[in-house]
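Novice: Take the sequence shown: its letter number 97 is residue 97 in full-length UniProt numbering, and every next letter is one higher. Idealized CB from N, CA, C, for every residue including glycine.
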Amino acid sequence: TSAYSSPAKSLGDPGITPLSPSHIAKDSDADDAVEQLFLVVVAIDFGTTSSGYAYSFTKEPECIHVMRRWEGGDPGVSNQKTPTTILLTPERKFHSFGYAARDYYHDLDPAESKHWLYFEKFKMKLHTTGNLTMETDLTAANGKKVKALEIFAYALQFFKEQALKELSDQGGSDFENTEVRWVITVPAIWKQPAKQFMRQAAYKAGMASPENPEQLIIALEPEAASIYCRKLRLHQMIDLSSRAPVNGYSPSDTIGTGFTQGKEHVRRNRQSRTFMVENVIGEIWSELEEGDRYIVVDSGGGTVDMTVHQIRLPEGHLKELYKATGGPYGSLGVDYEFEKLLCKIFGEDFIEQFKIKRPAAWVDLMIAFESRKRAAAPDRTNPLNITLPFSFIDYYKKFRGHSVEHALRKSNVDFVKWSSQGMLRMSPDAMNALFKPTIDQIIQHLSEVFDKPEVTNVKFLFLVGGFAESPLLQQAVQSAFGSRCRVIIPQDVGLTILKGAVLFGLDPAVIKVRRSPLTYGVGVLNRFVEGKHPPEKLLIKDGTRWCTDVFDKFISADQSVALGETVTRSYTPAKPSQLVIVINIYSSEQDSVSFITEPGVKKCGTLRLDLTGTDASVPNRREIKTLMQFGDTEIKAMAVDVATSKSVKVGIDFLNY
Numbered sequence: 001t002s003a004y005s006s007p008a009k010s011l012g013d014p015g016i017t018p019l020s021p022s023h024i025a026k027d028s029d030a031d032d033a034v035e036q037l038f039l040v041v042v043a044i045d046f047g048t049t050s051s052g053y054a055y056s057f058t059k060e061p062e063c064i065h066v067m068r069r070w071e072g073g074d075p076g077v078s079n080q081k082t083p084t085t086i087l088l089t090p091e092r093k094f095h096s097f098g099y100a101a102r103d104y105y106h107d108l109d110p111a112e113s114k115h116w117l118y119f120e121k122f123k124m125k126l127h128t129t130g131n132l133t134m135e136t137d138l139t140a141a142n143g144k145k146v147k148a149l150e151i152f153a154y155a156l157q158f159f160k161e162q163a164l165k166e167l168s169d170q171g172g173s174d175f176e177n178t179e180v181r182w183v184i185t186v187p188a189i190w191k192q193p194a195k196q197f198m199r200q201a202a203y204k205a206g207m208a209s210p211e212n213p214e215q216l217i218i219a220l221e222p223e224a225a226s227i228y229c230r231k232l233r234l235h236q237m238i239d240l241s242s243r244a245p246v247n248g249y250s251p252s253d254t255i256g257t258g259f260t261q262g263k264e265h266v267r268r269n270r271q272s273r274t275f276m277v278e279n280v281i282g283e284i285w286s287e288l289e290e291g292d293r294y295i296v297v298d299s300g301g302g303t304v305d306m307t308v309h310q311i312r313l314p315e316g317h318l319k320e321l322y323k324a325t326g327g328p329y330g331s332l333g334v335d336y337e338f339e340k341l342l343c344k345i346f347g348e349d350f351i352e353q354f355k356i357k358r359p360a361a362w363v364d365l366m367i368a369f370e371s372r373k374r375a376a377a378p379d380r381t382n383p384l385n386i387t388l389p390f391s392f393i394d395y396y397k398k399f400r401g402h403s404v405e406h407a408l409r410k411s412n413v414d415f416v417k418w419s420s421q422g423m424l425r426m427s428p429d430a431m432n433a434l435f436k437p438t439i440d441q442i443i444q445h446l447s448e449v450f451d452k453p454e455v456t457n458v459k460f461l462f463l464v465g466g467f468a469e470s471p472l473l474q475q476a477v478q479s480a481f482g483s484r485c486r487v488i489i490p491q492d493v494g495l496t497i498l499k500g501a502v503l504f505g506l507d508p509a510v511i512k513v514r515r516s517p518l519t520y521g522v523g524v525l526n527r528f529v530e531g532k533h534p535p536e537k538l539l540i541k542d543g544t545r546w547c548t549d550v551f552d553k554f555i556s557a558d559q560s561v562a563l564g565e566t567v568t569r570s571y572t573p574a575k576p577s578q579l580v581i582v583i584n585i586y587s588s589e590q591d592s593v594s595f596i597t598e599p600g601v602k603k604c605g606t607l608r609l610d611l612t613g614t615d616a617s618v619p620n621r622r623e624i625k626t627l628m629q630f631g632d633t634e635i636k637a638m639a640v641d642v643a644t645s646k647s648v649k650v651g652i653d654f655l656n657y
């Protein structure tokens, strides 16, 4: 019936959620509905730099299992996730994913490796492409192009197979895809086309289908983190604000020790990959009262996005207070600064050539940098050594005719020296300088959010995501905002989103109110009113004076929308024989829009009503009532033929219009 039915619908909810207590009484039925549908919820945190999955059986929702340990793994990087890297054979068939892909690519003979297609950090392409379509390309390390949809589908299919295999091994019998509800996380700041793209890739990977869309839920990363953070117990987090200087230690020292203890705790519990989520609401939560506000900052590899939530008791539902904001300020920015530094020392021409001619060695160099990047801390005094791959040193000599050492001496970048063991020695200041532009952008953005009137009286700031492990970022956030709110970091900060996404899949109705990121509407004709409408918009048709291009607004930017709340409009076919109505959807960042021709108003999608198969013998003026939902993580639509009360097939499309 509907293009996407909302999770609330599939849970036996009437769709329009009455906010009266009668609704609360019905919650238990809603839970039963999901148990009959799916045996397990599997969430995939598809990250820019690393990815992973976790799952929970609907019968025991308090246990969250994080995926089994992967082979491979880097020194200095201990986590349950695997790098988001993918390798295709020269024939463009899927070969491997994660550490396996990286290691295999690295071991290939250079002459052979240039025919293989290796992709990393490709998720950002969905954020940065302005006019994303099903045809958008990605570029492999060797410069060849492949359709982005294929790569995303291969990656999701890999996770689907891994998860089903683990579930089958655990249960001793084959686990069917139909028994799984899938959840895929995306940044909250992603626009609708990117979310739809992820959904299409998941359909291609066989996780769900257009006929069965509710098998897949798109979760927003900071929302997932928020759902998990409210279940935290005190031993599961580090409160930066409570670490006042003790006996001459600076707070930053104690941050480090807190983390080490935390890591020990995690390491001891590493054998069990199962996390108990207490059904009681976490202790941190017990300090929160009705109406309290907190902000979740999800800092990952590619993007940083943040959301402001308010608690609604008694059942601790969440309400979004300010539309999700953020930008491309993830830890990739640090890698980019390192690359700029290398260009400064060795020349941009050389670095570009080296990346193309020795792609595997370039990947090696960035892995070496990654582990040193994780060792950067505010109080570090000894230098950080980065091993240069032999082929870098060798190729540089061939390319320039002099040594790497010579280049470093000549470059007068005084923070970086050459050590006789074949390493770049970076002073801590040099390393911190690489972080500065990215961290400054995050702090700047957060300050702007804190200055918004909706964001006053924030009690806590939860810092989550992989980049939140960086002591430099922790210190910057604590010193900028520690006086305004308590800064909290969950212990297993890199897995926060993954676990929250599982909880979201078990109960998608936990977030009751969201904010629309954009103003949405359609173009319509209105009766022309002298003096109100501009004369150039006048259209006379059969003697009636119409005003064209009028923007009929469905919802405004930053408007509050409850889950299940619908916007209703009725449309009539222009002539009785018409079988399809296609309506263009427009969006704008501005609140007040009068005409679709105004600057900043863009066509962003189409609403397509399919009238075939509905009875044509009904009255000539058919009325098709369309209901759109903006309160979920994706925009959804459904439609009914008013005369017959039959549902009409609707497509709402932000990708192929």
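#1: State the start and end residues of the unbroken alpha helix (DSSP H) segment that holds Gly465.
#2: Is residue 674 helix, strand or coil by DSSP?
#3: What is the DSSP secondary structure of His299, counted as helix, strand or coil?
#4: Between which two residues does the alpha helix (DSSP H) harbouring residue 707 extend?
#5: Would you report the Cα separation of Arg503 and Asp107, rounded to the nearest angstrom?
#6: Residue range of the alpha helix (DSSP H) that Thr128 falls in?
#7: For residue 659, which three-state DSSP category applies?
#8: Who are the Cβ neighbours of Ser587 in its own chain at under 7 Å, not counting the five residues just before and after it?
#9: For Phe392 versus Phe338, is the C-beta distance shorter than 8 Å?
#10: Going by DSSP, name the residue or residues bridged to Pro521.
#11: Using the beta-carbon count (16 or more within 10 Å), is Phe390 buried or exposed?
#12: Expressed to the nearest angstrom, what Euclidean distance is found between the alpha-carbon atoms of residue 661 and Phe46?
#13: Taking the C-alpha atoms as reference points, what is the distance between Met628 and Ile635?
#14: Looking only at DSSP bridge pairs, what is Trp182 linked to?
#15: Specify the secondary structure class of His445 as computed by DSSP and reduced to three states.
#16: Starting from the Cα of Asp292, find the closest Cα among Asp451, Leu461 and Gln475 and give me that residue.
#17: May I ask you to report which of helix, strand or coil DSSP gives Thr597?
#18: Expressed to the nearest angstrom, what Euclidean distance is found between the alpha-carbon atoms of Ser592 and Ser560?
#19: Does DSSP put Pro383 in a helix, a strand or coil?
#20: Assign His406 to one of three DSSP states: helix, strand, or coil.
#21: Considering just the uninterrupted stretch of the alpha helix (DSSP H) at Tyr55, what are its terminal residues?
#22: Assuming contact is defined by CB atoms lying nearer than 8 Å, are Asp653 and Thr606 in contact in what I supplied?
#23: Would you call the stretch 52–64 and the stretch 158–170 in contact, with 3 or more CB pairs under 8 Å?
#24: Express the C-alpha separation of Lys575 and Thr48 in angstroms, rounding to a whole number.
#25: So Arg622 and Asp641 are in contact, right, with Cβ under 8 Å, and what is the actual spacing, rounded?
#26: With DSSP collapsed to three states, give me the class of Gly86.
#27: Could you check whether the stretch 473–480 touches the stretch 200–219, counting it as contact only if at least three pairs of C-beta atoms, one from each stretch, sit closer than 8 Å?
#28: Taking only runs of the beta strand (DSSP E) that begin and end inside the stretch 128–158, which ones reach a length of at least 3 residues, in chain order?
#29: In whole angstroms, give me the CA-to-CA distance for Val34 and Lys144.
Specialist: In brief:
#1: Gly465 -> no alpha helix (DSSP H), and no H or E assigned at all.
#2: Coverage of the chain is limited to positions 1 through 657, which leaves residue 674 absent and any answer about it impossible.
#3: The question names His, yet the displayed sequence has Ser at residue 299. Strand at Ser299.
#4: This structure cannot settle anything about residue 707, because the visible part of the chain is limited to 1 through 657.
#5: In the sequence on display, residue 503 carries Leu and not Arg. Their Cα atoms are separated by approximately 40 Å.
#6: Met124 to Thr128
#7: In the structure as shown, the chain begins at 1 and stops at 657. Residue 659 is therefore absent and cannot be evaluated.
#8: Leu518, Thr519, Tyr520, Lys602 and Cys604
#9: no
#10: The question names Pro, but residue 521 is Gly in the sequence shown. Beta-bridge pairing links Gly521 to Lys553 and Tyr586.
#11: exposed
#12: Past the boundaries of the shown model lies residue 661; the chain is included only from 1 to 657, so the question cannot be answered.
#13: Taking the straight line from one Cα to the other gives about 7 Å.
#14: Val42 and Leu216, per the DSSP bridge assignment.
#15: helix
#16: Leu461
#17: coil
#18: 16 Å
#19: Pro383 falls in the coil class under three-state DSSP.
#20: helix
#21: From DSSP, Tyr55 is part of no alpha helix (DSSP H) but of the beta strand (DSSP E) over Ser50 to Phe57.
#22: yes
#23: Flag = yes, the stretch 52–64 and the stretch 158–170 touch.
#24: 49 Å
#25: 6 Å
#26: Residue 86 is actually Ile in this sequence, not Gly. It is a strand residue.
#27: no
#28: 137–139 and 145–147
#29: Legend: pLDDT at Val34 = 41, less than 50; position of this residue unreliable, value from coordinates given subsequently. When only Cα atoms are considered, Val34 and Lys144 end up about 44 Å apart.
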